[in-house]
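Residue numbers (the working numbering), protein chains in the order written: chain S, 1 to 492; chain A, 493 to 984.
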């Protein structure tokens, strides 16, 4: 493809993407394709000779679009949102065109420097302390692929620091601290790094948040057993229910355990810190005071297309001490600027990296701080509307306090829950979820809170308006009534 | 930005990218910006209110483009190439617009299925055995971010298998095997996973390739010491000199050590397997017979924009056994298709993943097998031209046998090398590299082969033509003559 062919194909791609977004609301949220559908449509091997690009682009429409789960659909309320803004798309387009694998400064000066600056913009947007700014030249921020990568990096750096300070520690005694509500990233880090993880129990009366007492009890128990906790992953906005671990209490406990790395996983809720009115409930002052590292995914609720997982550390040397391997091939010939320039390859697990800061830059400039805040507030308002509607239902009840733009609810028989076992109610909700999942006009996720199956409703698409919330409520209300009836027949 | 504003900004972005590529050849390869240049141009924080997108796009041109190292420039001969094709850009554009985090099948059926199919296309393109196809339902292929991620995944899976089969093994006895020429990915995997790595020495008379005897000697030595090698990372095309470890001999030795995972890192050279004439020298038959896993980066020499690191395994359960953590939130409500569908989250380190197979699909369809082969052959021809020119020089000499599209050379005084110490010759070449690096019309990389500083010349851009090779030769020839003169004065 030459430059003029690219211009033509590029315009056509933009037009096709516009068509897709115009049609999005009328399309189903979920796909009805069966596993293996694509093998029936696509040949077994690449063509011998090149094909016309118009045909290829047509096939995207014919073959790929029908097989998508539409995360950008206004009626997508599953998992957490995945951002897809036009600014993010354009950022990716420029980034891909400039294709700069910015593993060190000299390989791509603009790539490194824009990340250094925009991560400071993002830190300021969220109200993080200056200690976390790259401009501090002590702490700093870096874009990682996902919150899982961030935790891997944090655990590796924490392990390295702990072993340096306690060289006689046996690795089999080292423990990652998390809770039963922590995202699977803690378990994944543990199996990848072959470390133990302790998932501390949390209580429903604490809204599934970790409290100081539970942490202290675990620490004292492990101290007696000779185990060495070296990192605590506290979650500000859990995946299951949006629970916010009590950072004030946890920080107070960790004052007595200064060797423990304090990681704040605010992958989902972190971007809500852009609005001052949510900072206290999300414990920003204590995070600023006490956290060793912080993660917020701009690619979830934060308007920047995947991947843009922001990670800040209070001391960048903890990363570079743990991750630096510098062969001669990556040495710049003139080392005079070492110390003033960041080589991001030593801040993450791999070597090469994409120019991801462009999309963050585009989004923050195009929305502005005020626009970003409006987006956060609007989605929370949408969730509040859903909560208000739920409060009028006879068969739907909240199962936990709503958290920002996330609601966890259950269907419950109108005669009340006391007559039924926990198993029966979980069975009822699992049946309900199965029915709702069979629909293609809405998408939700199930979860389990301390063994109780329930349903999550997460708002986050910039395209979700009041009518989508009302429609969603009507669907779940109607399906709930039907499911309860069938379930009663089944029970009797 | 609404849909029509996106259309306008999208067209403009395509036009600006076309302008960039029209201008590319006339632009310098390297940037002359100083560290910190961008801080002087960009405000310290995000704007309060959104800005006009035209202004933002203008700033890309004014602020970002001047700070790029131009990896797509026809006179870029540094590191290894990073692909940047129009097909790859368009693939990224569609992928970003569809924003499907395909961690499991049901979250994004098309995303998973296209990766399943295109990884089989890629396996066939490279001549890999059917055991590695996803269609085999035993082995399979997955796209990872980089060869470093691939090695991390392979080492984790290898460690898991070894510990399962030898439950009494102490982790501190476990050793990753690599060579002194292995990419830094081996050392990075070792520090990330807190494992030992043994870098086996290689010899210049073996062209820096690992031989069977050296491997066997290391294994026997470690057996006596109670150390447990559990993975061998063999490189097919090393970064420094394109050396190809002797897979035939290594496979023969490993027959006696069936517990050792045999990983082939063909990150750079792997895509040359598309051309049948290179398969024997790259040991394809033995790879097909013996490798546990194979890596080839399509984002280097393989025309697909970063990131597209292809990983194949002979037994997919070795990955999923090591990496599966499945919380209820990721369980589909209907599990009837489990077993027929791949959930790629259990094949890599994180959870979320981008829809990267679109760009692989676009490239393989638009180029076709024949077009892909033409690209590989052309770049090798370009390198052969450089080698031919070198052979006429009085001050430039090959330091290792040219490997495919990579040449390692040194500048040498015309009176011969015997009069000078190894240190003096390394000093001469380091001086030469410094002088060449100060130029902005060409970019090369230095390396060190068994302590001897030398210069790498890697061809790979689809835009490099004969005139660029001739110009590059003239530049290095002229600079070499000047450097030798200055160096002589310095010596005397």
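Glycine residues also receive a C-beta, built at the ideal position from the N, C-alpha and C atoms.
Bear in mind the structure is a predicted one, so any value in this text is a computation, not a measurement.
Consult DSSP for residue i and reduce its assignment to one of helix, strand or coil.
| i | result |
| --- | --- |
| residue 560(A) | coil |
| residue 941(A) | strand |
| residue 94(S) | helix |
| residue 397(S) | strand |
| residue 953(A) | coil |
| residue 362(S) | helix |
| residue 290(S) | helix |
| residue 608(A) | helix |
| residue 244(S) | strand |
| residue 341(S) | strand |
| residue 568(A) | strand |
| residue 677(A) | helix |
| residue 83(S) | coil |
Does any residue of chain S have a CB that is nearer than 8 Å to the CB of residue i?
| i | result |
| --- | --- |
| residue 720(A) | no |
| residue 616(A) | yes |
| residue 663(A) | yes |
| residue 578(A) | yes |
| residue 601(A) | yes |
| residue 538(A) | yes |
| residue 493(A) | yes |
| residue 631(A) | no |
| residue 767(A) | no |
Would residue i pass as an interface residue toward chain A - the criterion being a Cβ-Cβ separation below 8 Å?
| i | result |
| --- | --- |
| residue 454(S) | no |
| residue 413(S) | no |
| residue 294(S) | no |
| residue 35(S) | yes |
| residue 383(S) | no |
So, is residue i buried or exposed, given that buried needs 16 or more other C-beta atoms within 10 angstroms?
| i | result |
| --- | --- |
| residue 773(A) | exposed |
| residue 31(S) | buried |
| residue 829(A) | No answer about residue 829(A) holds up, because its pLDDT of 41 lies below 50 and its placement is not dependable. |
| residue 981(A) | exposed |
| residue 514(A) | exposed |
| residue 412(S) | buried |
| residue 148(S) | buried |
| residue 235(S) | buried |
| residue 762(A) | buried |
| residue 446(S) | buried |
| residue 492(S) | exposed |
| residue 486(S) | exposed |
| residue 659(A) | exposed |
| residue 237(S) | buried |
Based on the DSSP secondary-structure assignment, which residues constitute the bridge partners of residue i?
| i | result |
| --- | --- |
| residue 787(A) | 757(A) and 803(A) |
| residue 669(A) | 690(A) and 724(A) |
| residue 948(A) | 900(A) and 937(A) |
| residue 635(A) | 802(A) |
| residue 654(A) | DSSP output for residue 654(A) lists no bridge partner at all. |
| residue 895(A) | 898(A) |
Kindly indicate which residue of the options has the alpha-carbon position closest to the one of residue i.
| i | options | result |
| --- | --- | --- |
| residue 833(A) | 9(S), 26(S), 24(S) and 36(S) | 36(S) |
| residue 962(A) | 715(A), 876(A), 736(A) and 713(A) | 876(A) |
| residue 566(A) | 605(A), 934(A), 967(A) and 943(A) | 934(A) |
| residue 259(S) | 401(S), 420(S) and 292(S) | 292(S) |
| residue 705(A) | 731(A), 549(A), 739(A) and 679(A) | 739(A) |
| residue 107(S) | 612(A), 944(A) and 569(A) | 569(A) |
| residue 429(S) | 306(S), 39(S) and 483(S) | 483(S) |
| residue 612(A) | 526(A), 627(A) and 604(A) | 627(A) |
| residue 377(S) | 321(S), 461(S), 217(S) and 184(S) | 461(S) |
| residue 672(A) | 801(A), 653(A) and 693(A) | 693(A) |
| residue 732(A) | 960(A), 493(A) and 943(A) | 943(A) |
| residue 375(S) | 57(S), 298(S), 264(S) and 137(S) | 298(S) |
| residue 547(A) | 26(S), 365(S), 216(S) and 256(S) | 365(S) |
| residue 404(S) | 380(S), 314(S) and 457(S) | 380(S) |
| residue 769(A) | 720(A), 572(A), 865(A) and 647(A) | 865(A) |
| residue 594(A) | 581(A), 582(A) and 608(A) | 608(A) |
Could you name the residues of the stretch 771-799 of chain A whose beta carbon sits closer than 7 Å to any beta carbon of chain B, in the order they occur along the chain?
-> The structure shown has no chain B; the protein chains it does contain are S and A.
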